[in-house]
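*Asks:*
There are 2 protein chains.
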Amino acid sequence: MTVNILFAAPKEDWAAYEAPLTEALAAAGLDTEIGTEMAPEAVDYIVYAPSSEVQDFTPFTRLKAVLNLWAGVEQVIGNATLTVPLCRMIDEEGLTQGMVEWVTGHVLRHHLGMDKHIVNPDGVWEHEAPPIAADRPVTILGLGALGKACARALRGIGFPVTGWSRSPKQIANIQCLHGDTGLAQALRGAQIVVLLLPETRATENILNAQSLALLHRGAVVINPGRGPLIDDAALLAALDSGQVSHATLDVFRVEPLPSGDPYWAHPRVTVTPHVASETRPGSAARVIAENIRRGEAGMPLIGLVDRLAGY
Amino acid sequence: MTVNILFAAPKEDWAAYEAPLTEALAAAGLDTEIGTEMAPEAVDYIVYAPSSEVQDFTPFTRLKAVLNLWAGVEQVIGNATLTVPLCRMIDEEGLTQGMVEWVTGHVLRHHLGMDKHIVNPDGVWEHEAPPIAADRPVTILGLGALGKACARALRGIGFPVTGWSRSPKQIANIQCLHGDTGLAQALRGAQIVVLLLPETRATENILNAQSLALLHRGAVVINPGRGPLIDDAALLAALDSGQVSHATLDVFRVEPLPSGDPYWAHPRVTVTPHVASETRPGSAARVIAENIRRGEAGMPLIGLVDRLAGY
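Note that the protein sequences, when read in sequence, are chains D and X. Under my numbering, the residues of the first sequence are numbered 1 to 311, in order. Under my numbering, the residues of the second sequence are numbered 1001 to 1311, in order.
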């Protein structure tokens, strides 16, 4: 029997996804019908972007699952009309790989003190080599698919990496901590902190005046996770006091970041426009097809969201 | 019998090396005398910086080997008074590790297009994610200790890496090419080129108008090797024509780079003051001690220079 899939996401996404999804669904051996318009009562699966026009799931009476195109589900998880399984995107080849590149690049940028040479006046020849990575402790908050992959990559380059997560985890050669006492231990003395936690009530403002004070003086904060993980006023105060020497921020409470936001003008803040990583149509289409295959076969879905935990 | 070691390098080096060398020599079980002043005819080994005052090796009548503190030997190899074995520094923990960090960092910087966000005007939110590393071919010229380590690190992050060396080499998951035809093949279509060749007559100006034309249009050149590897006029012309979109240069024909040099003012050139990597006293001292132990035991030395090849 034909499986009906509604692609509910902005138009430009359909342009990017139509070909790879069609190919991936065929490669998965599925007999499917996919499109951007479909009678709600006929839909088996929704491939979904939280920015889509579909906000009321009530009319989708035979819906089996919603497959999110994004890693973050905070904009959809609170939707009371959504009662079927919800999957966040776990796109190892695209999303995770892109995040590893961005995080590794920006950690090395700060570790090496590159900005000095990129922006400083010409003619200044000051020979001073940075310490090696072994002497630069890095802490990653969040050890999900993204945090774990970044932890491994940074450890591979030579950084001593401490990871923190809500529940206990074990990763070879990474100091893994958890819970409230673990958080203080993970932040204490860290020279570079990378935020890769999901956005939940428990993680909001996890980087605040108190936790920022635990860092090594002059630490660097890198946030490719979610804007609300940071108490913005506390971070700006820590930047002004010198407790934090630089912040590179890719995500914000409001995006695009409003033009009057103090982050734009701050000399020790780098704003990047939510480019740290994104789902790549080729690899994401294969993950979606695999999840539909699993759904039809009654197998566990990849990236199934835990509603209680919030991600 | 006591082994006499002359430390012939600038004073600040002695300050950094005295303690780690003393410790490493003792740990190697050697009975040594080491200092910055010693009767030449008593000296068994010289720990050497080419910038040292010692330029005539003739008075050192019982000299067994010269152990260079630097990876490059071009400033000493032509010294006709030096007839005993000469070793270049192979400091995996310090020099090689530092180079891996610098090269990986700058390759990722260019790959991710970081400069745009570091230097550009505030308030510009242009969401455009870079391709993933798998779509960014990188070529490394030189597959010695430094080039090989960088090739492996970049491959580990996901870049397709091609390496080129004078003589054939084999490295897992790296396309290794050699010789003149191999050079053209290695450069053709490369989007990022990293120079890690030794400075010899054969490598001088290896990046010239002809070889630069083989690169992918808009390629990036990264030179942490030696200044003379590049034909400077050809590189400036390629930057102006757009054939090369950016050059990050750590080494130059004259260092410090003179204040009037066109590289300083060029908007698409980043000058770094020879900081890509340097010998680290702790680990380098262990390599020197190990070489003296080997020398006394009649074993092959680490980093022995081939006078014919020039490195």
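Built from N, CA and C at the ideal position, the CB exists for glycine as well. Everything numeric in this text was worked out from a predicted model, so none of it was measured.
Where does Glu1033(X) fall in DSSP's three states?
*Replies:* As a working mapping, residue 1033(X) is identified with position 33 in the second sequence. Of the three classes helix, strand and coil, the one that applies to Glu1033(X) here is strand, per DSSP.
*Asks:* Is the stretch 173–183 of chain D touching the stretch 217–229 of chain D in the sense that three or more CB pairs, one from each, lie closer than 8 Å?
*Replies:* With a cut-off of 8 Å, the stretch 173–183 of chain D and the stretch 217–229 of chain D do not count as touching, because too few Cβ pairs lie within range.
*Asks:* Relative to the C-alpha of Glu1220(X), which candidate in Thr1200(X), Gly1242(X) and Gln1210(X) has its C-alpha closest?
*Replies:* Numbered from 1 along the second sequence, position 220 holds the residue referred to as residue 1220(X). Looking at the sequence provided, one finds Val at residue 1220(X) rather than Glu. Among Thr1200(X), Gly1242(X) and Gln1210(X), the Cα nearest to that of Val1220(X) belongs to Gly1242(X).
*Asks:* So with Cβ pairs under 7 Å, would you call Ala1129(X) a contact of chain D?
*Replies:* For the purposes of this step, residue 1129(X) is taken as residue 129 along the second sequence, with counting starting at 1. Yes, Ala1129(X) counts as interfacial toward chain D.
*Asks:* Taking just the CA atoms, how far does Ser1259(X) sit from Gly1310(X)?
*Replies:* Taking the second sequence and counting its residues from 1, one reaches residue 1310(X) at position 310. Taking the second sequence and counting its residues from 1, one reaches residue 1259(X) at position 259. Taking the straight line from one Cα to the other gives about 31 Å.
*Asks:* With DSSP collapsed to three states, give me the class of Ile1302(X).
*Replies:* Here the question's residue 1302(X) lines up with position 302 in the second sequence. In this structure, Ile1302(X) counts as coil in the three-state DSSP scheme.
*Asks:* Which same chain residues end up closer than 6 Å to Phe1060(X) when comparing Cβ atoms and leaving out the 5 residues on each side of it in sequence?
*Replies:* For the purposes of this step, residue 1060(X) is identified with residue 60 of the second sequence, where counting begins at 1. Excluding sequence neighbours, Phe1060(X) sits near Pro1040 and Val1043.
*Asks:* Work out the CA separation of Ser211(D) and Ala184(D) for me, nearest whole Å.
*Replies:* Here the question's residue 184(D) lines up with position 184 in the first sequence. Here the question's residue 211(D) lines up with position 211 in the first sequence. Taking the straight line from one Cα to the other gives about 7 Å.
*Asks:* For Ala1008(X), which option in Met1001(X), Val1047(X), Ala1028(X) and Thr1002(X) has the closest C-alpha, if you only look at C-alpha atoms?
*Replies:* Residue 1008(X) sits at position 8 when you count from the first residue of the second sequence. The shortest Cα separation from Ala1008(X) among Met1001(X), Val1047(X), Ala1028(X) and Thr1002(X) belongs to Val1047(X).
*Asks:* Identify the contact partners of Pro1160(X) in chain D, using a Cβ-Cβ distance below 7 Å as the criterion.
*Replies:* As a position in the second sequence, residue 1160(X) is number 160, starting the count at 1. By Cβ distance, chain D contributes nothing, its closest Cβ being about 13 Å from Pro1160(X), past 7 Å.
*Asks:* Is it buried or exposed for Ser167(D), if we count other Cβ within 10 angstroms and need 16 for buried?
*Replies:* Residue 167(D) sits at position 167 when you count from the first residue of the first sequence. Ser167(D) is exposed by the Cβ-count criterion.
*Asks:* Check this for me: beta carbons of Leu143(D) and Lys169(D), under 7 Å apart or not?
*Replies:* By 1-based counting over the first sequence, the position of residue 143(D) is 143. By 1-based counting over the first sequence, the position of residue 169(D) is 169. In this structure, Lys169(D) lies closer than 7 Å to Leu143(D) by Cβ.
*Asks:* What does the Cβ neighbour count give for Gln191(D), buried or exposed, with the cut at 16 atoms within 10 Å?
*Replies:* Residue numbering aside, residue 191(D) sits at position 191 when the first sequence is read from its first letter. Classification for Gln191(D): buried.
*Asks:* Tell me the residue span of the beta strand (DSSP E) that contains Ile174(D).
*Replies:* Reading the first sequence from its first residue, position 174 is the one you call residue 174(D). Premise fails: Ile174(D) is in no beta strand (DSSP E) and is neither H nor E.
*Asks:* Using a Cβ cut-off of 8 Å, pull out every chain D residue sitting near Arg1280(X), in sequence order please.
*Replies:* Mapped onto the second sequence, residue 1280(X) falls at position 280. Under the 8 Å cutoff, chain D gives Ile132.
*Asks:* Looking only at C-alpha atoms, which of Val251(D), Glu33(D), Gln97(D) and Leu112(D) sits nearest to Arg1155(X)?
*Replies:* Translated into the one-based positions of the second sequence, residue 1155(X) becomes position 155. Of Val251(D), Glu33(D), Gln97(D) and Leu112(D), the residue nearest in Cα terms is Gln97(D).
*Asks:* Which residues of the stretch 250–266 of chain D have a Cβ closer than 7 Å to any Cβ of chain X? Give them in chain order.
*Replies:* Within the stretch 250–266 of chain D, the residues whose Cβ lies closer than 7 Å to some Cβ of chain X are Pro256, Leu257, Ser259, Trp264 and Ala265, listed in chain order.
*Asks:* Evaluate the contact criterion for the stretch 123–134 of chain D versus the stretch 261–276 of chain D: three or more CB pairs, one atom per stretch, below 8 Å.
*Replies:* The answer is no - the stretch 261–276 of chain D does not touch the stretch 123–134 of chain D, with fewer than three Cβ pairs under 8 Å.
*Asks:* Taking Asn1205(X) as the reference, which of Arg1188(X), Gly1225(X) and Trp1014(X) has the closest Cα?
*Replies:* For the purposes of this step, residue 1205(X) is identified with residue 205 of the second sequence, where counting begins at 1. Measuring from the Cα of Asn1205(X), the nearest candidate turns out to be Gly1225(X).
*Asks:* Output the distance between the C-alpha atoms of Leu195(D) and Cys1150(X), rounded to the nearest integer angstrom.
*Replies:* Sequence index remark: in the first sequence, residue 195(D) carries index 195 (1-based). Sequence index remark: in the second sequence, residue 1150(X) carries index 150 (1-based). Between Leu195(D) and Cys1150(X), the C-alpha separation is close to 27 Å.
*Asks:* So that I know if they touch, is there some Cβ in chain D lying closer than 7 Å to that of Val1305(X)?
*Replies:* On the second sequence, position 305 is the one that residue 1305(X) refers to. Chain D, which has no Cβ nearer than 7 Å to the Cβ of Val1305(X), makes this no.
*Asks:* Runs of 3 residues minimum, wholly inside the stretch 1204–1269 of chain X: which ones carry the beta strand (DSSP E) assignment?
*Replies:* Fully enclosed beta strand (DSSP E) runs of 3 or longer: 1219–1223 and 1244–1249.
*Asks:* Spell out the partners DSSP gives Ser283(D) in its beta bridges.
*Replies:* On the first sequence, residue 283(D) is found 283 positions in, with the first residue counted as 1. Looking at the DSSP assignment, Ser283(D) forms no beta bridge with any residue, so it has no partner.
*Asks:* Count the other CB atoms, across all protein chains shown, that sit within 10 Å of the CB of Glu1278(X); report buried if there are 16 or more and exposed otherwise.
*Replies:* Working through the second sequence from its first residue, we reach residue 1278(X) at position 278. Glu1278(X) comes out buried.
*Asks:* Could you give the first and the last residue of the continuous beta strand (DSSP E) run that contains Leu308(D)?
*Replies:* Walking along the first sequence from the start, residue 308(D) turns up at place 308. Unbroken run through Leu308(D): none, as it is neither H nor E.
*Asks:* For Thr162(D) versus Ala186(D), is the C-beta spacing smaller than 7 Å?
*Replies:* Your numbering for residue 162(D) matches position 162 in the first sequence. Your numbering for residue 186(D) matches position 186 in the first sequence. Closer than 7 Å, so yes.
*Asks:* For the alpha helix (DSSP H) containing Gly1123(X), name the first residue and the last one.
*Replies:* Here residue 1123(X) corresponds to residue number 123 of the second sequence, with the count starting at 1. Segment: none, Gly1123(X) is in no alpha helix (DSSP H) and carries neither H nor E.
*Asks:* Put Ala1008(X) into one of helix, strand or coil per three-state DSSP.
*Replies:* Walking along the second sequence from the start, residue 1008(X) turns up at place 8. In the structure shown, Ala1008(X) sits in a strand (DSSP, three-state: E or B).
*Asks:* Using a Cβ-Cβ cut-off of 7 Å (strictly less than) and excluding sequence neighbours within five positions of Pro1085(X), which residues of its own chain qualify?
*Replies:* In the second sequence, the residue the question calls residue 1085(X) occupies position 85. Within the same chain, Pro1085(X) has close Cβ partners Ala1065, Leu1301 and Leu1304.
*Asks:* Are the stretch 1100–1109 of chain X and the stretch 105–112 of chain D touching, with three or more C-beta to C-beta distances below 8 Å?
*Replies:* Contact holds: three or more Cβ-Cβ distances are below 8 Å.
*Asks:* Starting from the beta carbon of Ala1153(X), find every residue of chain D whose beta carbon is closer than 9 Å, and list them in chain order.
*Replies:* What you label residue 1153(X) is simply residue 153 of the second sequence in a count that begins at 1. Going along chain D in sequence order, the residues near Ala1153(X) (Cβ under 9 Å) are Gly156 and Ile157.
*Asks:* Who are the neighbours of Arg109(D) on chain X, taking C-beta pairs under 7 Å?
*Replies:* Mapped onto the first sequence, residue 109(D) falls at position 109. Within chain X, the residues near Arg109(D) are Gly1105, Arg1109 and Met1114.
*Asks:* Quick test of your reading: Trp70(D) and Met99(D), contact by CB under 8 Å. State the CB separation rounded to the nearest angstrom.
*Replies:* As a first step, residue 70(D) is located in the first sequence; it is residue number 70 there, counting from the start. As a first step, residue 99(D) is located in the first sequence; it is residue number 99 there, counting from the start. About 13 Å; that fails the 8 Å criterion.
*Asks:* Spell out whether any CB of chain X is found under 7 Å from the CB atom of Gln75(D).
*Replies:* Position 75 of the first sequence holds residue 75(D). No, Gln75(D) does not count as interfacial toward chain X.
*Asks:* Under 8 Å Cβ to Cβ from Glu1033(X), same chain only, skipping five residues before and after it: list those, please.
*Replies:* Taking the second sequence and counting its residues from 1, the one referred to as residue 1033(X) is at position 33. Same-chain partners within the cutoff: Thr1002, Val1003, Asn1004 and Ile1005.
*Asks:* Does Gln1175(X) have its Cβ less than 7 Å from a Cβ in chain D?
*Replies:* Within the second sequence, residue 1175(X) is the residue found at index 175, counting from 1. It does not: the Cβ of Gln1175(X) has no partner Cβ on chain D nearer than 7 Å.
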